[in-house]
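Note that the UniProt record's numbering gives residue 27 to position 27 of the sequence shown, counting from 1, and the numbers run on in steps of one.
Right, one structure below, let's go through it.
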Amino acid sequence: MKIGIIVGSIRQGRLGEQIGQWVARAGGQRAASGACEYALIDLKDFDLPLYASEVLPTAANKCYEDPRVQEWSRAINACDAFVFITPEYNRSVPGAMKNAVDCLGSEWQGKPLGFVGYSASGGIRAVEHWRAIMANFECPMLRAQLSLSIFDDVQDGVFSPGERQAASLDALLGELERAEA
């Protein structure tokens with residue numbers, strides 16, 4: 001099973017990159033047992049255009065005109081499950097990440113999904129919105145989620161998770177590894 005860890009912020013100085021690397025390290029330690037493979041997928045690396053295709057993604061049969069979208073499609077299609085690393089912007093999901101989801105169709109279909117949210121309030125509202133959005137793709141979603149505070153879990157701009165967060169992440173990854181697409 002290949003689990004994609006999607007860093008959903010493209011901002012300069014984003015905290016999501018540090019969180020994504022932390023999740024990837026934890027996944028790498030778990031992968032040493034041979035059960036799963038983890039891949040860090042940074043949305044910023046794809047430079048996706050705004051979704052404006054004439055052909056609906058579900059009708060595109062994973063063939064897209066824009067090579068950036070095609071590359072994104074291959075990265076997502078190669079995974080069996082995902083961890084969304086999502087910030088909360090204005091009480092909702094980040095626009096670039098929503099656009100990235102909208103660019104694709106069947107690549108998401110039925111794949112298990114876990115969430116690591118972060119914001120002043122732990123990213124809770126963003127995760128709830130993601131649950132509604134990804135239900136469209138019939139993704140089995142983990143009930144448990146990891147909520148990180150930009151006040152409690154960040155010191156001088158550096159993400160500094162504690163033991164509680166590490167234990168919660170380990171439980172989330174374990175549950176995701178047991179999920180079936």
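For every residue, glycine included, the Cβ atom is placed at its ideal position computed from N, Cα and C.
Asked                                                                                              : Found
Length at least 4, wholly inside the segment 77-105: the alpha helix (DSSP H) runs in chain order  : 95-102
TRP108: CB within 8 Å of a non-hydrogen atom of the ligand HEM                                     : You won't find the ligand HEM in this model; it holds no ligand whatsoever.
Coil, strand or helix - SER53 by DSSP                                                              : coil
Buried or exposed by the 16-neighbour rule on C-beta atoms within 10 Å, applied to GLU54           : exposed
Option in ARG30, GLN18, ASN61 with minimal Cα separation from GLU159                               : Looking at the sequence shown, residue 159 is not Glu but Phe. Selected option, being the one with the closest Cα: GLN18.
Which listed residue (HIS129, GLU128, ILE76, ARG91) has its alpha carbon closest to that of SER106 : ILE76
According to DSSP, residues forming a beta bridge with ILE41                                       : ILE6
Buried versus exposed, by CB contacts within 10 Å (16 or more), SER92                              : exposed
Assigned secondary structure, GLY20 (DSSP; H/G/I helix, E/B strand, else coil)                     : helix
Nearest candidate by alpha-carbon position, reference CYS139, set PRO94, ALA126, PHE82, GLY122     : PHE82
Nearest to GLU37 (by Cα), restricted to the options PHE115, ILE3, ASP156, LEU104                   : ILE3
Status (buried if at least 16 other CB within 10 Å, exposed otherwise) for ASP42                   : buried
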